[in-house]
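Enquirer: When you line the sequence shown up against our numbering, it's residues 150 to 454, in that order. Mind looking over this structure? Questions follow.
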Amino acid sequence: MLISQTVSKHLVLCWFQVLQKLGKADETKDDHFDQAVQNFKRQETEGSRLQREMKAYLAAVKAMQQASMNLTESLHEVYEPDWHGKDDVLSIGKNCDVLWEDFHQKLVDSSLITLDTYLQQFPDLKIRVAKRSRKLIDYDSARHHLETIQAVVNRSDRKVSKAEDELKKAQKVFDELNVDLQDELPTLWDSRVGFYVNTFKNVTNLEAKFHREISVVSNKNRNSQGDLLYAVGGAFEVETLHDFEAANSDELELKKGDVVLVVPTATAEDQDAGWLTGIKESEWSHLGASAHKGLFPENFTQRLE
Numbered sequence: 150m151l152i153s154q155t156v157s158k159h160l161v162l163c164w165f166q167v168l169q170k171l172g173k174a175d176e177t178k179d180d181h182f183d184q185a186v187q188n189f190k191r192q193e194t195e196g197s198r199l200q201r202e203m204k205a206y207l208a209a210v211k212a213m214q215q216a217s218m219n220l221t222e223s224l225h226e227v228y229e230p231d232w233h234g235k236d237d238v239l240s241i242g243k244n245c246d247v248l249w250e251d252f253h254q255k256l257v258d259s260s261l262i263t264l265d266t267y268l269q270q271f272p273d274l275k276i277r278v279a280k281r282s283r284k285l286i287d288y289d290s291a292r293h294h295l296e297t298i299q300a301v302v303n304r305s306d307r308k309v310s311k312a313e314d315e316l317k318k319a320q321k322v323f324d325e326l327n328v329d330l331q332d333e334l335p336t337l338w339d340s341r342v343g344f345y346v347n348t349f350k351n352v353t354n355l356e357a358k359f360h361r362e363i364s365v366v367s368n369k370n371r372n373s374q375g376d377l378l379y380a381v382g383g384a385f386e387v388e389t390l391h392d393f394e395a396a397n398s399d400e401l402e403l404k405k406g407d408v409v410l411v412v413p414t415a416t417a418e419d420q421d422a423g424w425l426t427g428i429k430e431s432e433w434s435h436l437g438a439s440a441h442k443g444l445f446p447e448n449f450t451q452r453l454e
């Protein structure tokens with residue numbers, strides 16, 4: 150009996166929907182709510198896309214982390230054993246790896262998890278929106294049923310009373326869903342602005358912090374290698390044409406054929422007087438920052454291209 154009643158009710162609702170589509174039965178319209186539902190669908194789509202792109206971004210960060218370590222290991226392998234700074238290469242690479250890992254984890258904590266929480270609101274609301282739609286059809290069907298009975302000339306008061314009770318029940322169920330959603334959907338829609346802005350700020354702030362920190366590691370490497378790397382943009386090499394015997398401790402002893410790495414001269418007066426400051430390449434490759442740096446006359450050398 151219960152199954153039969155359920156099937157019968159379902160058939161009535163289906164027939165009523167057909168009547169609505171044919172324009173032979175009134176359909177309750179709420180343009181304001183319909184717009185809220187459209188906004189809700191758009192918001193869910195945008196949020197899902199943002200989540201998808203964030204996951205792709207995190208995967209790229211992980212890939213860069215691995216690429217960075219691979220490069221470091223390759224550099225360490227090609228550095229010859231007697232070159233200064235061989236061990237520093239691996240150490241600096243490990244420090245960079247820690248920064249990459251920290252960057253990735255903070256992105257997960259501040260952005261991806263927040264995105265997941267944000268999107269968890271949508272499934273429940275979607276179910277309730279769909280339920281409201283069904284209950285609206287129930288309400289319209291009950292209203293149409295009452296109007297049909299009332300239009301009968303020899304109508305039964307008992308049937309009218311029953312139809313009125315069914316309408317009140319249908320309206321009550323519909324109103325309970327409708328009132329809450331009328332408030333929640335616009336509130337959720339308005340929340341997207343702050344959420345998107347905060348997500349963007351979190352990512353950009355973490356990016357900026359990461360680049361600052363990794364540049365500090367790079368600067369430490371640069372400083373450990375001495376002033377040559379500091380001046381790499383403007384540094385050049387010269388070859389000694391004549392022997393030069395140093396007269397003072399701040400001068401560079403040179404033999405013909407020596408290659409010198411030129412670095413910025415401490416004082417403009419020395420440069421104006423025709424003196425350059427440099428480090429012999431042979432010493433630099435073995436001693437690095439410990440290699441002696443000194444002055445030498447520019448006219449004793451020729452620039453190497």
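Cβ atoms here follow ideal geometry from the backbone N, Cα and C, with glycine treated the same way. A quick note: this is a predicted structure, and the numbers were derived from the prediction, not measured.
For the beta strand (DSSP E) containing T177, name the first residue and the last one.
Expert: That residue, T177, is in no beta strand (DSSP E); it is neither H nor E in DSSP.
Enquirer: For H435, is the classification buried or exposed, using 16 other Cβ atoms within 10 angstroms of its Cβ as the cut-off for buried?
Expert: Its Cβ having fewer than 16 others within 10 Å, H435 is exposed.
Enquirer: DSSP on E386, reduced to helix/strand/coil?
Expert: Note: E386 maps to strand in three-state DSSP.
Enquirer: Helix, strand or coil, according to DSSP, for P335 in the structure here?
Expert: It is helical.
Enquirer: Roughly how many angstroms lie between the CA atoms of E400 and D237, to the nearest whole one?
Expert: One C-alpha to the other measures close to 29 Å.
Enquirer: With DSSP as the reference, label A396 as helix, strand or coil.
Expert: Here A396 sits in coil by DSSP.
Enquirer: Identify whether Q270 lies in helix, strand or coil by the three-state DSSP scheme.
Expert: Residue state, collapsed to three classes: helix.
Enquirer: Taking just the CA atoms, how far does G437 sit from K243?
Expert: If I take the Cα positions, the gap works out to 21 Å.
Enquirer: Do you know how far the Cα of G343 is from the Cα of G427?
Expert: Cα-Cα distance, rounded: 56 Å.
Enquirer: Looking at the secondary structure, which residues open and close the alpha helix (DSSP H) in which L248 lies?
Expert: Counting along the chain, the alpha helix (DSSP H) containing L248 begins and ends at K235 to L256.
Enquirer: For W424, list the residues DSSP reports as bridge partners.
Expert: BP columns for W424 point to P446.
Enquirer: Residues bridged to R452 by DSSP?
Expert: BP columns for R452 point to V387.
Enquirer: For N327, collect the residues of the same chain with a Cβ closer than 7 Å to its Cβ; drop the 5 residues on either side in sequence, then sort them by chain order.
Expert: R281, listed in sequence order.
Enquirer: For L401, which three-state DSSP category applies?
Expert: In the structure shown, L401 sits in coil (DSSP, three-state: anything other than H, G, I, E or B).
Enquirer: Could you tell me whether the Cβ atoms of E430 and V409 are closer together than 9 Å?
Expert: Yes, they are a contact pair.
Enquirer: According to the neighbour-count rule (16 or more other Cβ atoms, all chains shown, within 10 Å of its Cβ), is I286 buried or exposed?
Expert: Classification for I286: buried.
Enquirer: Please identify the residue among A208, A300 and Q269 whose C-alpha is closest to the C-alpha of T462.
Expert: With the chain covering only 150 through 454, there is no way to say anything about residue 462.
Enquirer: Have a look at D324 and T297 and give me their C-alpha separation to the nearest angstrom.
Expert: Those two C-alpha atoms are separated by around 23 Å.
Enquirer: Consult DSSP for V342 and reduce its assignment to one of helix, strand or coil.
Expert: Looking at V342 - three-state DSSP - the assignment turns out to be helix.
Enquirer: Expressed to the nearest angstrom, what Euclidean distance is found between the alpha-carbon atoms of A291 and R307?
Expert: So the alpha carbons of these two residues sit roughly 15 Å apart.
Enquirer: Beta carbon of W338, beta carbon of A205: below 9 Å?
Expert: In this structure, A205 does not lie closer than 9 Å to W338 by Cβ.
Enquirer: Nearest-angstrom Cα distance between F349 and K284?
Expert: C-alpha separation (whole angstroms): 40 Å.
Enquirer: Among R304, C245 and S340, which has the Cα closest to the Cα of E362?
Expert: For the residues R304, C245 and S340, the minimum Cα distance to E362 belongs to C245.
Enquirer: Quick check on DSSP: helix, strand or coil for T366?
Expert: The sequence as given places Val at residue 366; Thr does not occur at that position. Residue state, collapsed to three classes: helix.
Enquirer: Checking 9 Å against the spacing of the C-beta atoms, do L334 and Y288 come in under that value?
Expert: Cβ atoms of L334 and Y288: not closer than 9 Å.
Enquirer: Could you give the first and the last residue of the continuous beta strand (DSSP E) run that contains L410?
Expert: Start and end: V408 to V412.
Enquirer: Considering only their Cβ atoms, is the gap separating R452 from F385 smaller than 9 Å?
Expert: Result yes, Cβ atoms of F385 and R452 sit closer than 9 Å.
Enquirer: Whose CA, out of H293, Y267 and G406, lies closest to the CA of G456?
Expert: The question about residue 456 has no answer here: the residues shown for the chain are numbered 150 through 454.
Enquirer: Keeping to the same chain, check which residues put their C-beta closer than 8 Å to that of D265; ignore five residues upstream and five downstream.
Expert: These residues qualify, in order along the chain: Q200.
Enquirer: Based on DSSP bridge pairs, tell me the residues matched to K429.
Expert: In DSSP, K429 forms a bridge with V409.
Enquirer: Can you give me the C-alpha to C-alpha distance between N354 and S340, rounded to a whole angstrom?
Expert: Whole-angstrom Cα-Cα distance: 21 Å.
Enquirer: How big is the Cα-Cα spacing for A279 and L330?
Expert: Going from the Cα of A279 to the Cα of L330 covers about 11 Å.
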